[in-house]
Amino acid sequence: MPDTTPELDYFRRRQCQAGWQDLLDIMISGITANAGDEDRRQFLNLMGSQLAGRFPLPHAETVGDLEDSLNRLWSDFHWGFVQLQPGETCLTLAHHAFPAAAPGAREEEWTAGLAAVLEGAYAEWLSAQGGQPHVALRWQPDSAEGIMTFSYQNSI
Numbered sequence: 027m028p029d030t031t032p033e034l035d036y037f038r039r040r041q042c043q044a045g046w047q048d049l050l051d052i053m054i055s056g057i058t059a060n061a062g063d064e065d066r067r068q069f070l071n072l073m074g075s076q077l078a079g080r081f082p083l084p085h086a087e088t089v090g091d092l093e094d095s096l097n098r099l100w101s102d103f104h105w106g107f108v109q110l111q112p113g114e115t116c117l118t119l120a121h122h123a124f125p126a127a128a129p130g131a132r133e134e135e136w137t138a139g140l141a142a143v144l145e146g147a148y149a150e151w152l153s154a155q156g157g158q159p160h161v162a163l164r165w166q167p168d169s170a171e172g173i174m175t176f177s178y179q180n181s182i
């Protein structure tokens, strides 16, 4: 169970940058209000993919190397950290301590929007590491509180 102490809540709120977080919330809310769920997801995936294109990762020899590269970037962004968990049939990405929603924002909408951006970014980085186009990366909305879980798994 994630730690929900007042100290952790304090640090999550410190990730919220006044103005920028509000602008992102307004943009995500506007996209949500004017597009269906799938159109919103695809658009924000594209934004995440473009973000990953601006910040390419070095070639990783191991899953641990990839995790280290991702976490250096997330540390620079103040966007939390990710743990990569290879399995027999998939790679699970558990993104912790992601940026909190702006005060007054709709938490569920914010989380889904940010997850779509991260989904696009992670998919782009995995593809650049040699991933195949038919292997899908998807956010698992039933993730534990405070963690966004993504599954990179062959869909055929």
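To convert, take the position in the sequence shown, counting from 1, and add 26; that gives this note's numbering. Virtual Cβ for every residue (Gly too), placed ideally from N, Cα, C. Since the model is a prediction, treat every value here as computed from it, not as a measurement.
Check whether A162 and S181 have beta carbons under 7 Å apart:
As a position in the sequence shown, residue 162 is number 136, starting the count at 1. As a position in the sequence shown, residue 181 is number 155, starting the count at 1. Going by C-beta atoms, A162 is nearer than 7 Å to S181.
Chain-order list of residues whose beta-carbon lies under 7 Å from that of M174 (same chain, five-residue window excluded):
As a position in the sequence shown, residue 174 is number 148, starting the count at 1. Result list for M174: H121, F124, A141, L144, W165, in chain order.
Can you list, in chain order, the stretches of the beta strand (DSSP E) that have 3 or more residues and sit fully within the region 57 to 131?
107 to 112, 116 to 122
According to DSSP, A162 sits in a beta bridge with which residue or residues?
For the purposes of this step, residue 162 is taken as residue 136 along the sequence shown, with counting starting at 1. Per DSSP, Q179.
The alpha helix (DSSP H) that contains A154, what's its start and end?
Residue mapping note: residue 154 aligns to position 128 of the sequence shown, counting from 1. Its alpha helix (DSSP H) spans residues 133 to 154.
Can you give me the C-alpha to C-alpha distance between V108 and Q68, rounded to a whole angstrom?
The sequence position of residue 108 within the sequence shown is 82, counting from 1. The sequence position of residue 68 within the sequence shown is 42, counting from 1. Going by the C-alpha atoms only, they are around 22 Å apart.
One question on the structure: do A128 and D63 come within less than 7 Å of each other, judged by their Cβ atoms?
Walking along the sequence shown from the start, residue 128 turns up at place 102. Walking along the sequence shown from the start, residue 63 turns up at place 37. Cβ atoms of A128 and D63: not closer than 7 Å.
From this set, G56, P82, H104, which residue's C-alpha is nearest L70's C-alpha?
Taking the sequence shown and counting its residues from 1, the one referred to as residue 70 is at position 44. That would be G56, whose Cα lies nearest to the Cα of L70.
Can you grab the Cα-Cα spacing for the pair W105 / T118, in whole Å?
The count along the sequence shown starts at 1 and reaches residue 105 at position 79. The count along the sequence shown starts at 1 and reaches residue 118 at position 92. Approximately 18 Å between the Cα atoms of the pair.
Taking the C-alpha atoms as reference points, what is the distance between Q47 and G90?
Counting from 1 along the sequence shown, the entry for residue 47 is found at position 21. Counting from 1 along the sequence shown, the entry for residue 90 is found at position 64. Computed Cα separation, rounded: 31 Å.
Only counting the same chain, and skipping five residues up and downstream in sequence, which positions put a Cβ closer than 7 Å to that of F81?
Sequence index remark: in the sequence shown, residue 81 carries index 55 (1-based). The residues are L99.
Is T58 near E133, with beta carbons less than 7 Å apart?
The count along the sequence shown starts at 1 and reaches residue 58 at position 32. The count along the sequence shown starts at 1 and reaches residue 133 at position 107. No. Outside cutoff.
What does the Cβ neighbour count give for F103, buried or exposed, with the cut at 16 atoms within 10 Å?
If you number the sequence shown from 1, residue 103 lands on position 77. Classification for F103: exposed.
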